[in-house]
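What follows is a single structure, written as structure tokens, with notes after it.
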């Protein structure tokens, strides 16, 4: 498989933005975890951010996967976590802190 230079440059720029986004999200999530009140809203936000981070990390690995099997595994991982977005938003019993 041959790659042209323009396509490789586009992938490089795309992955650079994804990695910057992951780093920013992790730092912001750490900041929120240290400074937020531990309410049900906080735990919902935490669950959603972890799901979205997992989606973005799988997206990065999907793009740079060398084989079709690995690419398929990362696609499955990417959309498997997105399946839990609705349940993470609606199930308050799981993320309610103990008093």
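In our numbering, the protein residues as written are 182 to 280. Even for Gly, the Cβ is constructed at its ideal location relative to N, Cα and C.
| task | From the DSSP output, in three-state form, read off residue 264 for me. | result | coil
| query | Nearest to residue 214 by alpha carbon, out of 257, 253, 200, 230? | reply | 230
| query | For residue 294, which residues from the same chain have a beta carbon less than 8 Å from its beta carbon, with the 5 sequence-adjacent residues on both sides left out? | reply | Residue 294 lies beyond the residue range present for the chain, which begins at 182 and ends at 280; the question has no answer from this structure.
| How do the stretch 249–269 and the stretch 202–209 stand: do at least 3 beta-carbon pairs fall below 8 Å, yes or no? | no
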